[in-house]
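End of the sequence shown sits at 256 in my numbering; the numbers just go up one at a time, nothing left out. Heads up, the beta-carbon is just placed ideally off N, CA and C, and yes, glycines get one too. Here the structure is a predicted model, which is why all the values come from computation and not from measurement. Here's the structure we're looking at; comments come further down.
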Amino acid sequence: MKLALVSTLTITVVLTGCSIPTAPTSVSSLNGMFTEPVGRSGATLITNGSHVSLGIIYSQNTQTNRAYLRDYQANAGTGFGQSLLVQPIHDAYVATSRPDLAVDWVKASLQRQFGSVTVYPDMQSLRAAKPDVMAVVDTRSQLMTSRSSDIQSDVSADFYDKNFNYIGTAQGHDAKALSPVWADYKRSEDIVADIHEQQNVQVRALQKFDQSLNSLLSKPTSLSMIDNTPEQNRY
């Protein structure tokens, strides 16, 4: 009986996983942002504090990622095989694919460092507002599917001065490779625990982003810090 139950759960996870979307292909964080090359700022510090305004714009990756997570979350509850899926597994898929986890976290982190933080819908609106500092926020997630249990999360913020010259980047990354979630030997409790690792990976990446942000804002930016950012990310 127990073997039959495990087999049922295994089949259920595979069926449900087939309806869950795979992570979209990422592009440069500045894709479509600037119409001309971005230079380096002469500033050695990112000005911050209660008197400094920060304008945020979300990269194409961030917007695509939020749509991907909304789709992932929706399909975890409505995909083929839903009638067989045990509730704890369904709930775990939904709880670990929150579309706004990264953007809400990053915005809150930035609000602790700047006097005002405003999200703008596009570059034209941002230019018109003329904030003291600008940041392009880039978030990407890769969650498990029926074909892969490799999980990854990346988050970054590229900072620019009021003339749109690059100053520095805060970033966080975390990843974990799990055994296949549909493996025959796994109990439903083990499957749920594995699925919850999706959120743990996302949170660790965000915590590393916070550490990077604090370091970036507390000491002068150097050429080495700037040079570590790939050229394609600044154009």
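Buried/exposed call for residue i, threshold 16 Cβ in 10 Å
{"i": "A196", "result": "exposed"}
{"i": "N184", "result": "exposed"}
{"i": "Q223", "result": "buried"}
{"i": "Q253", "result": "Because Q253 sits at a pLDDT of 40, beneath the cut-off of 50, its placement in the model cannot be relied upon, and the following sentence gives the value as read from the coordinates. The residue is exposed, with fewer than 16 neighbouring Cβ atoms inside 10 Å."}
{"i": "K240", "result": "exposed"}
{"i": "Y206", "result": "exposed"}
{"i": "I209", "result": "In the sequence as displayed, the identity of residue 209 is Ser instead of Ile. Looking at its Cβ environment, which holds 16 or more other Cβ atoms inside 10 Å, S209 is buried."}
{"i": "Q192", "result": "buried"}
{"i": "A97", "result": "buried"}
{"i": "R168", "result": "exposed"}
{"i": "L237", "result": "buried"}
{"i": "A113", "result": "buried"}
Residue i - containing beta strand (DSSP E), residue span
{"i": "K151", "result": "Element bounds for K151: n/a, residue is neither H nor E."}
Those residues which DSSP pairs with residue i across a bridge
{"i": "T190", "result": "D179"}
{"i": "Y141", "result": "I78"}
{"i": "M155", "result": "G76 and Y181"}
{"i": "R161", "result": "D175"}
{"i": "D195", "result": "S174"}
{"i": "G70", "result": "F135"}
Residue i - containing alpha helix (DSSP H), residue span
{"i": "L122", "result": "L122 to Q132"}
{"i": "Y114", "result": "Q108 to A116"}
* Specify whether the stretch 73 to 89 and the stretch 136 to 152 touch according to this definition: at least 3 beta carbon pairs, one from each stretch, less than 8 angstroms apart. => yes
* Asked: Pairing CB atoms from the stretch 81 to 91 with CB atoms from the stretch 128 to 137, are three or more of them under 8 angstroms?
  -> no
* Asked: Should the stretch 155 to 168 be called in touch with the stretch 178 to 194, which here means at least 3 C-beta pairs below 8 angstroms?
  -> yes
* Enumerate, from N- to C-terminal direction, the unbroken alpha helix (DSSP H) stretches of 4 or more residues contained entirely within the stretch 210 to 238. => none
* Counting Cβ pairs closer than 8 angstroms, one from the stretch 220 to 237 and one from the stretch 114 to 128, do we hit at least three? -> yes
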